[in-house]
Each structure stands twice: as C-alpha cells, then as structure tokens.
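Chains as they are written, first to last, in this note's numbering: chain A, 427 to 705; chain B, 496 to 748. Note that CB positions come from ideal geometry on N, CA and C, so glycine has one too. Working notes for the structure below.
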Amino acid sequence: MNRFTVLGSDIASLWAKYGGMYLGGMRRTLILALIGTAIGCLIGFICGILQTIPVNKNDNIVKKIVLGIIRVILRIYIEVFRGTPMILQAVFVFYGLPYFTNNILRFSDKWLVSIIVVSINTGAYMAESVRGGIISVDPGQTEGAMAIGMNHFQTMTSVVMPQAIRNIMPQIGNNFIINVKDTSVMFIIGFSDFFAIHKSVSGATFLYFPSATVEMAGYLCMTLISSLILRWVEKKMEGSSDYELVAADSLTMTAGTYNISKPKDTQNNDVKTIDREGR
Amino acid sequence: MDEKIENRTEPIISVRHLSKSFGKHEVLKDIDFDVFKGDVTSIIGASGSGKSTLLRCINLLETPTSGSVIFHKEDMTAKSVNAPKYRSHVGMVFQQFNLFNNMTVLDNCLVGQTKVLHKSAQEAQENAMKYLTHVGMAQYINARPRQLSGGQKQRVAIARALAMGPEVLLFDEPTSALDPEMVGEVLDVMNTLAKEGMTMIVVTHEMMFAREVSTQVVYMNDGVICEQGPPQQLFENPQKQETKEFLARYRRG
C-alpha cells in the first residue's frame, strides 16, 4: 500500500508542476491524430473511388491505360506505407529528403512533417477499408442510380459513399484511436506530443515511473472519450428508427382483393369496391 | 402522357439483331422487336430464358455483345453515346426495388431530378409529390426504405422512375420479390399508368396482367423470341408448340 501512496504523491507533485505541459502535449497529440485521420480518410476515399472505377470492354484504350497505371501506383503506395513502420517513414521524410536532395528539399516545420506522415500512413490503411466498404454496398444501389441516369461520380457521391462511410465508420474510429497512440513515434523528429513531454519531464525530475503512469492514464482517457464520441456518431448516422406519416394510405389492399379489369369472380370485386370507397 | 397517339410509323425503341453472351453462354440470340409510343409490351417466358437480360440490354445496364438498341433513330450501342443521359429517358423498376437506402422516400424521388436533370429544388419537390401521390405513397415521404413493406418500396421505386419524366418505363419482374398480398397494389399502379398511355416494357410472370393490360406480348424461350403478338392472339390462339406448353403449365399451376 505504501508504494501507492508514494506514487500518488509523486504524481500529484508532477502534475502540480508540469500539468500544463502534459495538457499541452495531449492537445497536440489529439490535434495531430484528428488532422492526420481526417486527411488520411480523404486520401483513402480518393484511392478507394479510383480503385473501384468500372472498366468496360467498350471503353477506349486511353482510359484503360490511365486506369491501369493509376491502379499500379495505388497498389505500390498502399503496400509500401502499410508495410513499413511509421517511425521510419517520419525519419525518411524529415531527414531523408534533405539527405537525397542536398538540403534543397527539406521541411523545417515539424507539425507539417508529422501531419504528412500520419496522413499518408492512415491513407494507406483507409484505402483498403474504403474499397471494402464500397464493395460491401449492394450492387443494386449502383444499378438503381445508373438507371436514373447518374454517372459514376454522381453514383459514388450521392448513393454509394454515404452507405460505404456508414459501413466503415468503425474502421475510421479504429484508425483514429491507433493514431492517438501511434503519433507518439513523432518524438523521433522532435515533435513535442504527449509522449515527448514524458521524455522531457522524466529527464528533468527522474520520476520516470510516476510520469509513465500519468501518460498511461492520459492516453487511456483520450482513447476512451474518443470511443464514446465515435459510438455516438455511429448511432446518429443510423438515423431515426421512427418516421411520421403524413396522411392515410389509400392504395394498400389486403390479400386476394386485386382484380384488373373485368373480374369473373364477383365476390372479389365486392371486396375491392368496399376497399376503394371506404377509405 | 396524353391519349395514345396512333403514330405507328416510328418506334421509340427498336431492338435489332441483339445478342448477348456471358462467356461462352449465349443468353440472347438475334432479338428483334419494336416498341411504339403508348405500347405496353409484356415479355413472358420461363426463368433463364433471357427476359431480364434483354431488358437490361435495352437500357445498357448490360452491354450487348452484338446488335443494336435504337432509341428515336439513334443507335445507343454506339461508342459515342452518353449512356447515363440515355438512361435518364428510360426509367427502370427493379425486382429488388433498389431504393437508395441512405435517403428518405422523398429524397429518393428528388436526387435524380436535381443531380441529373438539374431541376430547381422546388420544382423537383412538386414533381416528386405529384408522383408519390399518384402511387399512394405521399404520406410516407419521411420514411426510409427499410421501414417500408415490399409493395410500398416498389411503389416508391415507380414514383422515383416517373419523376424523371421517362419516355419509356422498363419493369424487371416488379412483383416477383413481393409477398402475394402486396402484388395487387403494385399491379394496380402499373395498370393505371398503362391506361394513362405510359409506354412500358414489362418482364413479368403475372399472366393476368400480361393478358389484360398489354398491347403486345413477347414470349421468349431459350434466348430467342419464340412468338409475339397481341395478347388475345398469343393467349387464346398460340401458334407455336412451345408457347402452348408454356401457357398450359401456367394454367395448371
């Protein structure tokens, strides 16, 4: 029990002195995760739509070649960024670019680099999720849209994507929560997120374990609140299960009451007459 | 949609030498037929005889392997044709309704008008309400497709197609996915449309409807048009042995 009282008092003193820094780190972590996930989703949507453009036998050769090239590029992008650690991607963008271009191309803004890396990384994951989400929408929806004269873009934006987004909401949430935690690797380029605060605070105070406990609790708080908000958003997207009637349905008829013109069965006809007049 | 115009000289849609293959399987073989303004053409035949594929070829949801679909003298299978624009003139009602699940009943009937025809929101709304009232679904405008019964969904689907102001309306087995008690309400709407002079091509298993409402009946068997003619002739006095057998099966069933 003694251990816990010591830990408690250490945490209290850490918070009293560095609380503002921790909160600042949390704020930066959340902003980075939010922007990175949002841009990543956008990249994912674009990739997903590009990957699912239908190719017809009758299409001209230019369209086929362009689409083919786009698909190869997307494939490479997805495989490379999904298949390498984000920490190394950050190193490659921040230190690698000036290294290869003799300092001509370099990012001085750590925010910018962090956002780019997180976005591109999330985009690679989201591209596959979006593709799955689009495929999971009933093909009848696409046909219904095509039948009223919509082109591929209109079909996607008005009908398929809204339903696909609903299907992949859990994945978007998943990616956001992963990003809240995984942006901690940005300390490698000196971005001062929540985890970087731990490094500097524990370096200054040598209270390594109490600070790590603060971090643990902080990350858990952020992810739990995110989970709750995401659930709420999902529920909102589901829409109301209720709807209001505007008047009475005049066309509903019960079984066996239908006859087209001159019915041979008079009994049926009687039922129908009553039904049509008794509304 | 005024009175049937006795203009039999120029068909709205002509299907010429239409063939469709899926891989090595030839589903449609050299199909020829015409649809004039005000015609109600019923396409009947056993399952797998190519009826639905023919209908889907007419509005280019399937690309014909060879042959042509001529809409007002223009070949729609040509490469230069804007298929979405053509489809906006040819409405389609599906067996599985295919209402947009992410929209309310009203939005289902609005989206095509505003996005494809670029009508103003108010004009689209008035138009949509007119057709929703016509099919008896006006009070359900706030409902979502999943909250409706099959028959109600199909009536909304018909209103959605009508709201586009199509010259021809295609029906792909519109009552086959419905519970028996809901078949009547959909056929009733279709019957009314036919009486108002709407040009319709209906793939159906409802022999009563084909017989009483259509102006011409096409009997398909194994991917070819086996027999076609006015309903009285085809039902009362079929010429081909296959037609007789098919109709006999229906009478027994």
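- The criterion of a C-beta distance shorter than 8 angstroms is satisfied by B:V712 and B:I539.
- For B:H613, the secondary structure class from DSSP, reduced to helix, strand or coil, is coil.
- A check of alpha carbon separations from B:L688 across B:M598, B:H629 and B:L549 identifies B:H629 as the nearest.
- DSSP, read as helix, strand or coil, puts A:Q515 in helix.
- Checking the DSSP bridge columns, you'll see B:H520 partnered with B:F517.
- Chain-order list of chain A residues neighbouring B:Y635: Y669, L671, V672 and D675, by C-beta distance under 9 angstroms.
- Nearest CB-CB separation between B:F589 and chain A: below the 8 angstroms threshold.
- When the beta-carbon positions are compared, B:E668 and B:L682 stay at least 8 angstroms from each other.
- Within the region 479–567 of chain A, the runs of alpha helix (DSSP H) that reach at least 4 residues and sit entirely inside it are, in chain order, 487–508, 512–517, 523–526 and 536–562.
- Within chain A, the residues whose beta carbon sits less than 7 angstroms from that of B:K580 are G575, listed in sequence order.
- Put simply, the CB of B:V606 is near chain A, with a gap under 8 angstroms to one of its CB atoms.
- Its chain contains T581 as the residues whose beta carbon lies nearer than 7 angstroms to that of A:M572, once the 5 sequence neighbours on both sides are disregarded; these appear in chain order.
- Neighbours of A:Q567 across chain B, judged by C-beta separation under 8 angstroms: N593, F595 and N596.
- Judged by DSSP in its simplified three-state form, B:R511 adopts strand.
- Taking a C-beta cut-off of 8 angstroms against chain B, the contacting residues of the region 586–605 of chain A are P588, Q589 and R592, listed in chain order.
- At least one C-beta of chain B is nearer than 8 angstroms to the C-beta of A:S584.
- Going by DSSP, A:N601 is part of the alpha helix (DSSP H) stretching over M587 to D608.
- Around the Cβ of B:F741, a 10 Å sphere holds 16 or more other Cβ atoms; the residue is buried.
- In terms of Cβ geometry, A:G575 and B:P733 do not form a close pair [threshold 8 angstroms].
- Its chain contains G646 and R650 as the residues whose beta carbon lies nearer than 7 angstroms to that of B:E680, once the 5 sequence neighbours on both sides are disregarded; these appear in chain order.
- Taking 8 angstroms as the upper bound on Cβ-Cβ separation, chain A lies near no residue of the region 505–517 of chain B.
- Residue B:N597 holds the alpha-carbon nearest to the alpha-carbon of B:A638 among B:K519, B:L673, B:N597 and B:N554.
- Taking a 10 Å sphere around the C-beta of A:L671, we find fewer than 16 other C-beta atoms and assign the residue as exposed.
- For B:E701, the three-state secondary structure derived from DSSP is coil.
- Within the same chain, Cβ atoms closer than 7 angstroms to the Cβ of A:F621 are found at S610, F613 and E641, the five residues on either side in sequence being excluded.
- Counting other Cβ atoms within 10 Å of its Cβ, B:H520 stays below 16 and is therefore classed as exposed.
- For the options B:K648, B:E618 and B:H584, the alpha carbon positioned closest to that of B:T670 is the one of B:K648.
- Closer than 8 angstroms to the CB of B:R639 there is at least one CB belonging to chain A.
- The Cβ of A:G559 sits no closer than 8 angstroms to any Cβ of chain B.
- For the pair A:L440 and A:L656, the CB atoms are not nearer than the 8 angstroms cut-off.
- Distance from the CA of B:P640 to the CA of B:K610, rounded to the nearest whole angstrom, comes to 20 angstroms.
- The residue among B:S583, B:L627 and B:H567 with its C-alpha nearest the C-alpha of B:P661 is B:S583.
- Secondary structure of A:I574 (DSSP, three-state): coil.
- Within the region 605–651 of chain B, no complete beta strand (DSSP E) segment of 3 residues or longer occurs.
- Distance check between B:G543 and each of B:P726, B:Q736, B:K739 and B:V698 places B:V698 closest, using alpha-carbon atoms only.
- At a cut-off of 8 angstroms between beta-carbon atoms, B:R655 makes contact with chain A.
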